[in-house]
Each structure stands twice: as structure tokens, then as C-alpha cells.
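Residue numbers for the sequence shown, in the numbering used here: 718 to 1604. What follows is one structure encoded as C-alpha cells, with my remarks underneath.
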Amino acid sequence: MDGADFPAAVSDITAGTTVCTTCPYCGVGCGVLASQSDAGDPKIKGDPAHPANLGRLCSKGSALGETLSPDGRLLAPQVDGQSTDWDSALDLVAHRFKDTIAKHGPDSVAFYVSGQLLTEDYYVANKLMKGFIGSANIDTNSRLCMASTVAGHKRAFGTDTVPGIYEDLEQADLITLVGSNLAWCHPVLYQRIVAAKKARPSMKVINIDPRRTATCDIADLHLPIAPGTDVALFNHLLSEIHQQGALDSEFIANHVTGFEDALNAASSDSVAATGLRHEDITRFLSLWIGTEKTVTIFSQGVNQSSQGTDKVNAILNCHLATGRIGKPGMGPFSVTGQPNAMGGREVGGLANMLACHLDIENPAHRMTVRDFWDAPAMPEVAGLKAVDLFEAVGRGDIKALWVMCTNPAVSMPDADAVRDAISGCDFVVVSDLSNTTDTARLADVVLPATGWGEKDGTVTNSERMISRQRPITAPVGDSRHDWDIISDVARRMGWADAFAYETPAEIFREYAALSGLAAGHGRDFDISGLSDLSDKDYALFAPTRWPIPTKDSQSSRMFSDGKFFTPSGRANMLAVSQSPAASETANTFRLNTGRIRDQWHTMTRTAKSPRLNSHMGEPFLEVHPQDAVAIGLSPASLARASSPQGSAILRVLVTDRVQQGSVFAPIHWTSEYTGNGRISSLVNNQTDAISGQPDSKAARVHIEPLNPAWYGFAISAQSIDPDTTYWAKARHSGGWRTELADNTIPDDWEAYARSLFAATDAEVSSVIDPKKGTARVALHQDGQLVGALFASPTPVSVARSWVSGRLGDADTAVLAGFPGADQPDPGATVCACFNVGINTITDAITAQNLMTVEQIGIALEAGSNCGSCRPELAAILQAAHSKIAAE
Ligand SMILES: Nc1nc2c(c(=O)[nH]1)N[C@H]1C(S)=C(S)[C@@H](COP(=O)(O)OP(=O)(O)OC[C@H]3O[C@@H](n4cnc5c(=O)[nH]c(N)nc54)[C@H](O)[C@@H]3O)O[C@H]1N2
Ligand SMILES: Nc1nc2c(c(=O)[nH]1)N[C@H]1C(S)=C(S)[C@@H](COP(=O)(O)OP(=O)(O)OC[C@H]3O[C@@H](n4cnc5c(=O)[nH]c(N)nc54)[C@H](O)[C@@H]3O)O[C@H]1N2
Ligand code: SF4
Ligand SMILES: [Mo]
């Protein structure tokens, strides 16, 4: 978009202005246009001019306007749970950090930061810890996310760089997805592939995932690989590339080292470990080997593994052996998770890196950074990686900890131990949007940071595109930008000159200048062309892919000249071998964990949006039908999953999408939204030896039915805090829905409901059947329905969407649990953008004889905006037509 179309510094979107900014969720990094509706509400649209999305947005991006409310935000700093002013809070933080360092040395303190910080925030945090405090104890949640790819890239390319660009996904003739649920986790990239495949049906897609995910919808071939065996598969591919004469010998001779060793290691591995059918393997080999233009996309099924780095290199080996890298439509493509996962890697946010792709353990690199920062103290060795860092916190070795923009009490493996470690730490500071996150609750000091829509700075997406996040509203309450908070603490610690920043533009210019010095060391991350960007140019900065050695450069693919960033200039192929399967404890299942379409991580923002909660409203466990029978689990019942580390109670979803012996659970639920469902408390802290990344997809868990005495479903105008064995709550438009279960049957359901809804004076109506053990209770206040509870010895069957819509009703129709014949029940939401339920869709398919997903879109709008629900629509269509055919 032409820079003139947005104001340079916007404090509030006012009618008629449009702000160009970037989505704060996944690493696709979509451009967003924010403006104001006539009613004064934020209006969010995809930016047609942003190269990442060309106008598209997914369900989460489209719902950004619903997450901006000040509701739930922390408005002022808090010390020991009491609100205070910034001076008192920051003096305390500076004093405690200085004092701890003076008494116990710089390594007794740590920062744990996040790939959701903006580059400017990240740069300042890293500078403070590594250059001034003099410790490398700053690690980031990217350790849980991208560390194996960082390590794999560095081993192969000598630099942590994604070679490809998004256009490669459209130009490829074959896309192989490995451990990536792109349809749900990078929906706009997925939609770009869907569109490309539609335009060019010869394009093929292979999906390698133990689970049959929504991404399989466009797959010509799904390989349900035995979990953890990707190295064996790609080693087999490499040896077949060789056997079938598909090597690019010239590329190998001129640009690669390590080929022989890699091939030998690959050839001695057996593909049997993958458990795949012979014909599937043959088809995979013939497609991959036979298709020159091939992109291999990989994500957490690769990274989050005790063999994650080897998995990455096994994939890179195949691309190097065929010379399929740095060319249009070809290359390995790590899709990044967080909006600024890449920016964080570039500023050296990981404990083993320095800024601008420089290495902490390289004396020349260190010297350059030290001189540039005029740094009083620089660490010479890598700091503690996330898992080790929290273990050190637990041991008391880290005595002051500052957590910024991440929620480790939920997202770290062995989350209960991490929670206990944080709570036992002498001094904990948390910078967050709210003070009610599981981590913020444990802090001595909570600092209110500005969030998306208020923040101002840059992020880098998966294809190295640097884009601006621009403010669309003024900071909520007294909240301050992360870079500003960190700089202020640094100044109070005595480093006023080095942290005298007043604007993010100043920080960016300094960072860009440092990258020029890094380039002098032969590093590829060079944005020095931006080191004298004026404030106005920074305000107007349009998405630009690095390297940016001169002001106007717009880079494309990396490594297209066959030159890499190793000392020899050649890429390394690595000898890697499939590690033997871990021994399985009897009666346990392998716990795979991951994401759902409409929630973002620990739900602190997405759970504020009613429509995002309506897709999947509670934590669940996918169990294979045969396993469900063996354990004694029926659909929609509750199960307790436990491991030596912890336990969780989850809704049972019986499905053959998961393999026998494996179960899957989402990562999102926290103590804010469920009684006992933080899934990472079950995950042990086994890590990849090279990258330090936890294996979040392979815990062994025991599963048993919960068999509660009663199940419940409640709607309420206000959020409720049940004291039951199981509860999970979700906001919906106009109120809350809560699922419940408990072991004790109340003597008096009406009294129970009054206390549950904290409405002692409410008017109560009920239908109670003691014989069946069912109860339905409705509470009215001032003539309006404020709460309703449905209880039953089996999972409650009511029309949840219809029931939820009854809040505020004057009558007691809700007690029926189902709508009358004249009132349709939309059913569970499938399309979050237009709020279309499954029953509405099925009815329309039957009534209007809809045959395609497009026709559903025309009839109901469903699936016609972000497209994330199109795989589900296809499945509903298929089910409806099979039913019609059977009738
Ligand atoms: N909706 C939504 N989107 C998101 C996020 C979110 O929270 N919500 N988070 C963002 C972030 S930070 C990240 S990192 C990305 C993650 O994006 P993805 O990596 O796509 O997401 P996951 O669901 O963690 O895992 C991907 C798949 O790996 C599979 N898998 C498990 N074990 C193996 C294995 O051994 N081999 C193979 N081949 N596959 C395996 C799982 O079954 C799962 O389907 O998503 C980003 N996008
Ligand atoms: N079992 C299991 N565990 C996992 C994973 C998995 O697949 N399985 N995935 C891992 C991965 S890939 C990731 S990326 C992590 C994500 O895990 P986390 O980083 O812990 O999750 P988020 O909910 O994104 O946490 C971000 C926090 O920052 C706050 N916040 C938002 N914006 C701002 C801001 O601008 N400034 C500040 N200061 N705070 C802000 C939010 O309110 C929220 O509390 O989880 C990891 N954990
Ligand atoms: S794909 Fe969705 S979540 Fe990811 S950046 Fe784009 S709009 Fe945001
Ligand atoms: Mo991530």
C-alpha cells in the first residue's frame, strides 16, 4: 500500500483512517488493515497489498477486533498483588536485579522472553542481558518452537536462514508437509496452496503426519508415519535418490560437503521403522524423486522431537543431494510459529546466539558486538536453554527472573514443576497484558505491557519479510511498550546512555547498523541499508525481505548462487540415523500435543472472542476407537490422563484420525479456563541433545475413565467458578458456557444452582427427575434468564448453541434443552467467520442439494472468508451425501 495512505503516528483510529499493520499470531505474518466502523468498533480486513496474504486473513486474524477490549487487561503495575506506580515498580525491579547480581553474580539472574515480542523489544532485552548484565541467561519460548530448525540450518548452511519465499509454494509441482498442520496453524499459506492447486491441478501434496489432520484435505497422499520416525523416512528417500540416479552430482561436487557420510548413514537405516505401507512409500518416493520443483514444509512434528535437529538435517540432506534449493518452486521450508519467531532469531534472542546471526562463542564476533554496544561485560559462553533455565530456577540458582510475553507455567514441559519453580523463586517479574495468566499469578511484580493494536515496531515472518506493527489505539491504562519498560529498568540499573531510547525507530536504526558489522564477518543477516532510516521512513516502512544491504534492496531466495555461510562456503550434508524407539511402558499411550484452529497458545487473547470459542469449547483427548473400547471410554465422556509429571481431565473424542496407541490433546487450556487441563504438565522435559528443544509430542501417559457421578452443562450471564472435579468455561456472545462434572451429587439441585451462579435471590424453575438422576434448573433475575444448569449421569445432551442463545429470555423455554420445531438449532459452530453451525450446514445441503464447498459458501457464506473451515465443510458434505444415499 502506498505509504501516504496511513498516518505516520496514529494514536487512535479515527473515522476515515486506515492503519496498515501486521497480524500478531502466526508466522505467516499477514498484513492487516484496521479502521473504525460507523459504530466506533475496530474493523479488521486483510491487506490486499501485503505480499504474505494478498488480502486474506484466517479466523483468528479476522477476529482480532474482538480481542482489543480492555476487559481483563492489567492497567497499572502491581507489586505483591497491589497496584502501584511505574517508578516504584521499576525501582524495585532494578534494585532487586542489581542486588542479586552484586551478591551472586550475573548468572544468578535470567530473562525468559518470547517470539511474540517485537524486534525492537527483543533487541533491547538481549542487549541488556548479554552486554550489560553480562550473562547469556536469556532464552525464549522459541526454544520450544524453532530451536531444532535453528540448529539444523546452522549445521547445514552455516547460518539460520530459511532459503525459500512464499511464492515457491505456488510454483512447486509437489509440496511435502512434514509434521505440519498447515490448514489450522498457517491457514493463509494453506489457502494459497489450495488456490494454486485449484488453478493447476497437476500440483501434488503429500502430508506426513501420524494424525489425519484437516491438512489432509488437500493431500494426494497421506503418510500416517509412526511417530518419531521421520529420520528413517528421509534417510530412505536419500538412499533411493542415490539408487535411482536422481542426484545432482554437479551441485554436490561444487556446493556440498559430507555427501558420502550422509549417504552411508542413510543407507544403513531401515524404513520399516516408519510403519508405512510399502505402496505408500513407493508412491512417496516416485513423487518426490520424480518432481524437480518440490518444496518440503516442516514444523513442530519435526522440531519438537528428541531427534528434532536430525530430522531437520535428514530433510535438508535430500534437498541438497538433488540441488533443489534456492530455486523457484524448490527448497526446504521451515514455517515459523510465532509472529516474530524469525525476528527473535535475528536479534539473537536464544541463549546461544548474539545479535545479527553472530555467535556468542566466537571471540571476534563478541568483540564486534562489545565495541558497538560499548558493553561493560559480555558472556563468553552460551547461557541456559529454557528447560535448563527453569531447572536452575527450581534449584534456586536463578534468584531473579523476568518473564516477558510468554506463559511458561502453561507452555513449558513438566509445567507443574515449572510452576513450582517460578513460585519458589526469590524474585519474579512478569510483563504481560494481564495479571491473571497462570504465570503472572506467581509473580512478585507484574508489569502491564501494551498489546497488539497498541504496539509499534517490526516483526519478521517465515519468508524473511520484515513488516511493521503499527498502533491503532492508545495504550490501555498505564501500559507501556516492552522496549520502553526494559530500557527504563536498564537506566535505573545505571546504564542510562546505552538505553536512552525514546522511539522504536532509534532502536531499529541501531540494530540495522550492527547488522552491517555482522555482514563484515560474512554473516547473511544484513539490514544495514536501513541504518539511517528517518523516523518518517520507519513509520511508512513497507514490507521488505532481508537481506537489505542498501536502502532499496528487496531480496528474494537465499543460496540461489549455491554459496552457503559455512567457512568453506559449501553446505553440509549431515550423517544422521534414526534413533531406536523408546521403550514403551505397559498400558500407556503416546501423547501427541498440538494446536486447534481457533485458539492461540494459552488463550489469553483468542478466548476473549466468542466466535473463536465456539469451534472447540473445551480441552479434549482424541482416542482411537479400539483404544477407547479397551480403556472403557465412551464418546463425550471424560478421561483422566496422567504421567509421572502430572495429570489432566479431558473430554473424550473417539476418532480414527489418531493411530492406535497414540492420543492427541490440544495445548491451549490453562487454569483460567479449566480446572485441570494444562496438558504440558504431563509432558516430561526430555530435549533434543543438540538444540535443547523439548520433545512435546511424545510423553507416555496412562488413561482411565473418570466416571463422575454427574455431568453438567451451564450457561450464565457472568463467569462462574465451579468447585467441581471437572470444569471448563468459554465465553460466548452474551455470556459464558461451562462444562462440568463431579463425583458428589448435590442434595438439592436448586440450591446448588443458586450457589454455582452466585445468585441467591434468583427466581428458580426446575425439572428434576430423581429416578433418572437428571436435573434442569433455570434462574431468572429481574425477569431475565441469568443462568441455567443441565445435569445428568451421562454426558449432557442439549442443543448447546440454542441453549446459549436463551440468556436474557423472560420465559423458561430453556428447560426443554432443545428448540421447538419452529426454532432451528444451528449446532456447533463450524465457520467462525460467519458463525455458521453444523446443523444449519447439514440442513442446507439436504434442502438445497448443495454439492460442493463453494455452493455452501454461496448459500450460507460459510467457508467463504478465511477458508479455514473448508476441510470440515468437505467432511460434512461427504457425510451428508452418504446419509442421503443410504436413505
Ligand atoms: N491456530 C493456531 N495456529 C498457530 C498456533 C496456535 O496456537 N494456534 N501457534 C503457532 C505456533 S507458535 C506454531 S510453533 C505453529 C505450529 O504449527 P504446527 O507444527 O503445524 O502445529 P502442531 O499442531 O503443534 O503440530 C503439527 C503436527 O505434527 C504432528 N506430529 C506429531 N508427531 C509427529 C512426528 O513424529 N512426525 C511427524 N511427521 N508429525 C508429527 C502432529 O500430529 C501435528 O498434526 O503454529 C502456529 N499457528
Ligand atoms: N505440550 C506442548 N507444549 C508446547 C507446544 C506444543 O506443541 N506442545 N508448543 C510450544 C510452542 S511452539 C510455543 S511457541 C509455546 C507458546 O507458549 P507461550 O509463549 O507460553 O504462549 P502464549 O499464550 O502465546 O503466551 C504469550 C503471553 O504473552 C502475553 N502477551 C501478548 N502480547 C504481549 C506483548 O506484546 N507484551 C507482553 N509483555 N506480553 C504479551 C499474553 O497475554 C500471554 O500471556 O508453547 C510451547 N509449548
Ligand atoms: S494466517 Fe491467520 S493467524 Fe496467521 S498471520 Fe495470517 S491472519 Fe494471522
Ligand atoms: Mo511456536
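Note that CB positions come from ideal geometry on N, CA and C, so glycine has one too. None of the values given here were measured: they were computed from a predicted structure.
If we count Cβ pairs, one from each stretch, closer than 8 Å, do we get three or more for the segment 1026-1046 versus the segment 883-897? yes
Considering only the alpha carbon of each residue, which of 857, 1150 and 1179 lies closest to residue 769? Walking along the sequence shown from the start, residue 769 turns up at place 52. Of the candidates 857, 1150 and 1179, the one whose C-alpha sits nearest the C-alpha of residue 769 is 1179.
For residue 726, the three-state DSSP class (helix, strand or coil): The residue given as residue 726 occupies position 9 in the sequence shown. Note that residue 726 scores a pLDDT of 35, beneath 50, so its modelled location is shaky; the value from the coordinates is reported in the next line. Coil, per DSSP.
Residue list, Cβ distance to ligand 3 heavy atoms smaller than 5 Å: 740, 742, 743, 745, 747, 774, 775, 777, 778, 904 and 905
So, are the CB atoms of residue 1408 and residue 1025 less than 8 Å apart? On the sequence shown, position 691 is the one that residue 1408 refers to. On the sequence shown, position 308 is the one that residue 1025 refers to. Closer than 8 Å, so yes.
For residue 1435, does the count of other Cβ atoms within 10 angstroms reach 16, so buried, or fall short, so exposed? What you label residue 1435 is simply residue 718 of the sequence shown in a count that begins at 1. With fewer than 16 other Cβ atoms from the protein chains shown falling within 10 Å of its own Cβ, residue 1435 counts as exposed.
Do residue 1401 and ligand 5 come close, with the Cβ less than 7 Å from some heavy atom? The model depicted lacks ligand 5 and carries ligand 1, ligand 2, ligand 3 and ligand 4 instead.
Pop quiz: residue 1505 and residue 1432 are said to be a contact at Cβ under 8 Å. What is the actual Cβ separation, rounded to whole angstroms? Within the sequence shown, the letter at position 788 stands for residue 1505. Within the sequence shown, the letter at position 715 stands for residue 1432. Indeed they touch by this definition, with Cβ atoms about 5 Å apart.
Answer yes or no: the CB of residue 899 versus the heavy atoms of ligand 1, is any distance below 7 Å? Locating residue 899 in the sequence shown gives position 182, where the first residue counts as 1. For ligand 1, at least one heavy atom lies less than 7 Å from the Cβ of residue 899.
For ligand 1, is there a heavy atom less than 7 Å away from the beta-carbon of residue 1316? By 1-based counting over the sequence shown, the position of residue 1316 is 599. Relative to ligand 1, the nearest heavy atom lies less than 7 Å away from the CB of residue 1316.
Look at the alpha carbon of residue 811 and the alpha carbon of residue 803, and state the distance between them as a whole number of angstroms. Within the sequence shown, numbered from 1, the residue matching residue 811 stands at position 94. Within the sequence shown, numbered from 1, the residue matching residue 803 stands at position 86. CA-CA distance, residue 811 to residue 803, rounds to 12 Å.
Any heavy atom of ligand 4 within less than 6 Å of residue CB: hits in chain order: Having a Cβ closer than 6 Å to some heavy atom of ligand 4 are 862, 1054 and 1055.
Going straight from the alpha carbon of residue 747 to that of residue 1582, what length do you get? Taking the first residue of the sequence shown as 1, we reach residue 747 at position 30. Taking the first residue of the sequence shown as 1, we reach residue 1582 at position 865. Looking at the two C-alpha atoms, the distance is approximately 15 Å.
Hey, is residue 1494 close to ligand 2, as in C-beta under 7 Å from one of its heavy atoms? Numbered from 1 along the sequence shown, position 777 holds the residue referred to as residue 1494. No.
First through last residue of the alpha helix (DSSP H) which encompasses residue 1255: Position 538 of the sequence shown, counting from 1, holds the residue named residue 1255. Unbroken alpha helix (DSSP H) run through residue 1255: 1252-1257.
In the DSSP assignment, the alpha helix (DSSP H) including residue 1084 goes from what residue to what residue? Here residue 1084 is taken as the residue at index 367 of the sequence shown, counted from 1. From DSSP, the alpha helix (DSSP H) with residue 1084 extends over 1080-1090.
By Cβ distance, which residues of its chain are closer than 7 Å to residue 711, with the 5 residues on each side in sequence left out? Coverage of the chain is limited to positions 718 through 1604, which leaves residue 711 absent and any answer about it impossible.
Excluding sequence positions up to five away, which residues of its chain have a Cβ less than 7 Å from the Cβ of residue 1205? For the purposes of this step, residue 1205 is taken as the residue at position 488 of the sequence shown. So the list reads 807, once near-sequence residues are dropped.
For residue 663, collect the residues of the same chain with a Cβ closer than 6 Å to its Cβ; drop the 5 residues on either side in sequence, then sort them by chain order. Within the shown structure, residues of the chain are numbered from 718 to 1604, placing residue 663 beyond reach of any answer.
DSSP state of residue 1229, grouped into three classes? The residue you call residue 1229 lines up with position 512 of the sequence shown. In the three-state reduction of the DSSP assignment, residue 1229 falls in the helix class.
Stretch pair the segment 1529-1548 + the segment 1360-1375: three plus CB contacts closer than 8 Å: no
Report the three-state DSSP secondary structure of residue 1500 (helix, strand or coil). Taking the sequence shown and counting its residues from 1, the one referred to as residue 1500 is at position 783. Here residue 1500 sits in coil by DSSP.
Kindly indicate which three-state DSSP category residue 1594 falls into: helix, strand or coil? Numbered from its first residue, the sequence shown carries residue 1594 at position 877. Residue 1594 falls in the helix class under three-state DSSP.
So does residue 1413 have its beta carbon nearer than 7 Å to some heavy atom of ligand 2? As a working mapping, residue 1413 is identified with position 696 in the sequence shown. Under cutoff, so the answer is yes.
Opposing strand residues paired with residue 1174 [DSSP bridges]: Within the sequence shown, numbered from 1, the residue matching residue 1174 stands at position 457. BP columns for residue 1174 point to 1186.
Could you say which of 1602, 1577, 1570 and 1056 lies nearest to residue 1592 if we only look at CA atoms? For the purposes of this step, residue 1592 is identified with residue 875 of the sequence shown, where counting begins at 1. Taking only the C-alpha atoms, the option nearest residue 1592 is 1570.
Given residue 1210, which residues of its chain have a CB within under 6 Å of its CB, disregarding the five upstream and five downstream residues? By one-based count along the sequence shown, residue 1210 stands at place 493. Hits under 6 Å: 811 and 815.
Quick check on the burial criterion: 16 or more other C-beta atoms within 10 angstroms. Buried or exposed for residue 1410? Locating residue 1410 in the sequence shown gives position 693, counting from the first residue. By the neighbour-count rule (16 or more Cβ atoms within 10 Å), residue 1410 is buried.
Within the segment 1331-1386, ranges of the alpha helix (DSSP H) (whole runs, at least 4 residues): 1342-1348
In chain order, which alpha helix (DSSP H) runs of at least 4 residues are fully inside the segment 773-852? 776-779, 803-821 and 836-843
Whole angstroms is fine: what's the gap from residue 790's alpha carbon to residue 1157's? The sequence position of residue 790 within the sequence shown is 73, counting from 1. The sequence position of residue 1157 within the sequence shown is 440, counting from 1. Between residue 790 and residue 1157, the C-alpha separation is close to 12 Å.
Leaving out five residues before and five after residue 1090 in sequence, what residues of the same chain have Cβ atoms less than 7 Å from its Cβ? To locate residue 1090, count along the sequence shown from 1; it is residue 373. Closer than 7 Å at Cβ, skipping near neighbours: 844, 848 and 1215.
Check whether chain B comes within 8 Å of residue 1251, counting only Cβ atoms and requiring the distance to be less than that. Going by chain labels, chain B is absent from the structure shown, which holds only one protein chain.
Give the DSSP bridge partners of residue 1455, in chain order. Taking the first residue of the sequence shown as 1, we reach residue 1455 at position 738. Residue 1455 is bridged to 1431 and 1446.
Residue interval of the alpha helix (DSSP H) (run including residue 893): By one-based count along the sequence shown, residue 893 stands at place 176. Not the alpha helix (DSSP H): residue 893 falls in the beta strand (DSSP E), residues 891-895.
Taking residue 909 as the reference, which of 1195, 1539, 775 and 1456 has the closest Cα? As a position in the sequence shown, residue 909 is number 192, starting the count at 1. When C-alpha distances from residue 909 are compared across 1195, 1539, 775 and 1456, the shortest belongs to 775.
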